[in-house]
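As structure tokens, the structure follows; a few thoughts come after it.
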Amino acid sequence: MVVRVAVNGYGTIGKRVADAIARQSDMELVGVSKTRPSSEARMARDRGYPLYVAGEGKPEEFRAAGLEVSGTLSDLLSKCDVVVDCAPEKQGLANKALYDRVGVRAIWQGGEKAHIAEHSFNALANYRECLGAHRLRVVSCNTTGIARAGAILQRAYGVEHWEVTVVRRAADPGESRKGPINGILPTFTLPSHHGPDVRTVLPDLPIATTAVVVPTTLMHVHVNHVRLRDPPSQEEAIREEFRKHPRFVLFQDWQHIEGTPQVIEWARDLGRSRNDVMENVLWSSGIRLEGKDLYFFQAIHQESIVVPENIDAIRAMFQLETDPLVSMARTDRSLGILPTAAPQGSSPSRE
Ligand code: NAD
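If you want it as structure tokens, here you go:
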């Protein structure tokens, strides 16, 4: 079976998800939608993605910019089996009425509330629960990062308590109107919304989160303190546990990846599309076990970490693959994400 997929909203997340869908042999990208002509709209056209007009967009404005469109969002929805909604946060809820009217399956992003869908989704945490669903929500970038690590630690050792401070990037690189440019802003929702959001995919995880926003665009960083129920006797076992699972990178000291600037430089040097890092980034020296207390840092590339999860969500929804690890391996091969245990820095191998 080849699933016909539409992408509604072609911005930071949508353009990446569209590229990823175009690389899957069990999916066909039937089109993407934009609300107005732009260089991104032109890029979609240049990549051969049929372009449709969404929202209040006007086809004549696209034509005036030399961009032929194939119709409106309603036309696009009539041609697909599922729409991946990548519109700005909260807009997805407004779009739901249209999807319901057409009767098309839908996947939303983390900017929407959990109740929009039957399940919130994370491939390592709850893929099997989502098999056959008609409406899914791929959780946000920070939640995806915590849920991946949480699924592993909870299954291997049990978690008594987990506290995370989320050091959030202020804006994505393309967003020039957001700040701060000089300051650290505490998030006065205490605890922050990330903990409850993680529990939409791992309901029993005893996690509390707080957040600060800092003037960077590259990545988020999580400062984690986890009390394990049944910890291993050796700290190295924790690293091994991460290495056994997909979508983690563990940098060693000799690599001199001191922080997020070097992570992005590493992605650039590997020639990764848009410098994307779809894995959770950990440092070998940034993992410390003291009795039951596990401390670790992880960095999360907000623009791309949810991309492979969207692909797996489509597979779970249409039951194209029932084993999460098989789906993840397939997705990762197609996107050039190496298995975690592979030597870091080697070139991606392609399907
Ligand atoms: P974005 O602003 O970069 O892109 C949104 C796109 O949707 C734009 O191209 C915009 O023109 C288009 N759009 C506007 N109104 C529309 C409408 N009515 N219908 C269809 N498209 C419309 O936003 P983004 O960062 O890609 O975020 C999309 C979703 O992904 C949000 O739910 C967000 O919370 C979530 N998300 C974002 C990030 C991130 O760091 N950027 C990470 C994870 C999840």
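Numbering of the sequence shown is given in our numbering, commencing with residue 2 and proceeding in unit increments. Positions of the beta carbon are idealized from the N, C-alpha and C atoms, including for glycine.
Rounded C-alpha distance that separates Gly404 from Ala150: Look at the range of the chain in this structure, 2 to 352, and you will see that residue 404 is not part of it.
Rounded straight-line distance, which links the Cα of Trp163 to that of Arg48: Indexing the sequence shown from 1 puts residue 48 at position 47. Indexing the sequence shown from 1 puts residue 163 at position 162. Between Arg48 and Trp163, the C-alpha separation is close to 44 Å.
Residue interval of the alpha helix (DSSP H) (run including Trp267): Taking the sequence shown and counting its residues from 1, the one referred to as residue 267 is at position 266. Here the alpha helix (DSSP H) through Trp267 covers 261-270.
Where Ser34 sits in the DSSP three-state scheme: On the sequence shown, position 33 is the one that residue 34 refers to. Note: Ser34 maps to strand in three-state DSSP.
Of the residues Lys114, Ser305, His221, Trp284, the one placed nearest Phe297, counting alpha carbons only: If you number the sequence shown from 1, residue 297 lands on position 296. Checking every option, the nearest Cα to that of Phe297 belongs to Trp284.
Pair within 7 Å by beta-carbon distance, Val8 and Met28: For the purposes of this step, residue 8 is taken as residue 7 along the sequence shown, with counting starting at 1. For the purposes of this step, residue 28 is taken as residue 27 along the sequence shown, with counting starting at 1. No, the pair does not count as a contact, with Cβ atoms beyond the cut-off.
Spatial distance of Leu1 from Ser286 (CA atoms): The chain is shown only over 2 to 352; residue 1 falls outside these bounds and no answer can be derived.
Span separating the alpha-carbon of Val4 from that of Arg106: Taking the sequence shown and counting its residues from 1, the one referred to as residue 4 is at position 3. Taking the sequence shown and counting its residues from 1, the one referred to as residue 106 is at position 105. Roughly 11 Å between the two C-alpha positions.
Nearest-angstrom Cα separation, counted from Arg316 out to Thr332: For the purposes of this step, residue 332 is identified with residue 331 of the sequence shown, where counting begins at 1. For the purposes of this step, residue 316 is identified with residue 315 of the sequence shown, where counting begins at 1. Cα-Cα distance, rounded: 10 Å.
beta-carbon Gly180 near the ligand SAH non-hydrogen atom, thresh 6 Å: Because the ligand SAH does not appear in the structure shown, any question about it cannot be addressed here, the ligands present being the ligand NAD.
Proximity of His195 and Thr144 at Cβ, strictly below 7 Å: In the sequence shown, the residue the question calls residue 195 occupies position 194. In the sequence shown, the residue the question calls residue 144 occupies position 143. Yes, they are a contact pair.
Heavy atom of the ligand NAD within 6 Å of Ala172 beta-carbon: Residue mapping note: residue 172 aligns to position 171 of the sequence shown, counting from 1. Every heavy atom of the ligand NAD is 6 Å or more from the Cβ of Ala172, so no.
Check: Ala55 C-beta below 6 Å from any heavy atom of the ligand NAD: For the purposes of this step, residue 55 is taken as residue 54 along the sequence shown, with counting starting at 1. Within the cutoff, so yes.
Candidates Ile147, Asp86, Glu176: closest to Ala118 by CA position: The residue labelled residue 118 in the question sits at position 117 within the sequence shown. That would be Asp86, whose Cα lies nearest to the Cα of Ala118.
Check: Val160 C-beta below 6 Å from any heavy atom of the ligand NAD: Stepping through the sequence shown from its first residue, residue 160 is reached at position 159. Because no heavy atom of the ligand NAD lies under 6 Å away, the Cβ of Val160 does not count as near it: no.
Pro303 CB to nearest heavy atom of the ligand NAD below 6 Å: On the sequence shown, residue 303 is found 302 positions in, with the first residue counted as 1. A small fix is needed here, since residue 303 is Gln in this sequence, not Pro. Yes, the beta carbon of Gln303 sits closer than 6 Å to at least one heavy atom of the ligand NAD.
Length of the line joining the Cα atoms of Tyr11 and Ala45: Numbered from 1 along the sequence shown, position 10 holds the residue referred to as residue 11. Numbered from 1 along the sequence shown, position 44 holds the residue referred to as residue 45. Each residue's alpha carbon lies about 8 Å from the other.
Three or more C-beta pairs below 8 Å linking the region 191-205 and the region 116-133: yes
Own chain partners of Asp254 with C-beta closer than 6 Å, once the 5 adjacent residues on each side are dropped: Taking the first residue of the sequence shown as position 1, residue 254 is located at position 253. Excluding positions up to five away in sequence, the list reads Ser286.
Contact test: Thr36 Cβ vs the ligand NAD heavy atom, cutoff 6 Å: Position 35 of the sequence shown, counted from the start, is the residue given in the question as residue 36. True, at least one ligand heavy atom lies under 6 Å from that Cβ.
Heavy atom of the ligand NAD within 6 Å of Gly72 beta-carbon: To locate residue 72, count along the sequence shown from 1; it is residue 71. Every heavy atom of the ligand NAD is 6 Å or more from the Cβ of Gly72, so no.
Inter-residue Cα distance where the pair is Leu186 and Glu69: Residue mapping note: residue 186 aligns to position 185 of the sequence shown, counting from 1. Residue mapping note: residue 69 aligns to position 68 of the sequence shown, counting from 1. Distance between the alpha carbons of Leu186 and Glu69 is about 44 Å.
Closest Cα partner of Gln155 within the set Thr217, Ala171, Ile182, Ala126: Within the sequence shown, the letter at position 154 stands for residue 155. Answer by Cα proximity: Ala126.
Rounded separation between Asn281 and Ala209 - CA only: Taking the first residue of the sequence shown as 1, we reach residue 281 at position 280. Taking the first residue of the sequence shown as 1, we reach residue 209 at position 208. Spanning the two alpha carbons is a distance of roughly 19 Å.
Length at least 4, wholly inside the region 120-192: the alpha helix (DSSP H) runs in chain order: 124-127, 142-158
Reduced DSSP category for Thr13 - H, G, I as helix; E, B as strand; rest coil: Residue 13 sits at position 12 when you count from the first residue of the sequence shown. If DSSP states are grouped into helix, strand and coil, Thr13 belongs with the helices.
Beta-bridge partners of Ala212, as assigned by DSSP: Sequence index remark: in the sequence shown, residue 212 carries index 211 (1-based). In the DSSP output, where bridge partners are listed per residue, Ala212 has Val167.
Cys81 Cβ short of 6 Å to the ligand NAD heavy atom set: Taking the first residue of the sequence shown as 1, we reach residue 81 at position 80. Checking every heavy atom of the ligand NAD against the Cβ of Cys81, none is found closer than 6 Å.
Cβ shell of Lys35 (< 6 Å), same chain only, five flanking positions each side left out: The residue given as residue 35 occupies position 34 in the sequence shown. Result list for Lys35: Tyr11, Ala42, in chain order.
His302 versus Ser328, Phe249, Gly292, Met318, residue with shortest Cα-Cα distance: Locating residue 302 in the sequence shown gives position 301, counting from the first residue. Closest by alpha carbon: Phe249.
Whole-Å CB distance - Leu336 paired with Pro309, under 8 Å assumed: Numbered from 1 along the sequence shown, position 335 holds the residue referred to as residue 336. Numbered from 1 along the sequence shown, position 308 holds the residue referred to as residue 309. So it is a contact: roughly 6 Å between Cβ atoms.
Backbone secondary structure at Ile22 - three-state DSSP: Numbered from 1 along the sequence shown, position 21 holds the residue referred to as residue 22. DSSP places Ile22 in helix when its eight states are reduced to three.
Contact set for Ile14: own chain, Cβ-Cβ below 7 Å, skip 5 residues either direction: On the sequence shown, position 13 is the one that residue 14 refers to. Closer than 7 Å at the Cβ level, and outside the excluded window around Ile14, lie Cys87, Gln110, Val307.
Spatial neighbours of Ala157 in its chain, beta-carbon cut-off 7 Å, leaving aside the 5 residues before and after: In the sequence shown, counting from the first residue as 1, residue 157 sits at position 156. Cβ neighbours of Ala157 beyond the five flanking positions: Glu242.
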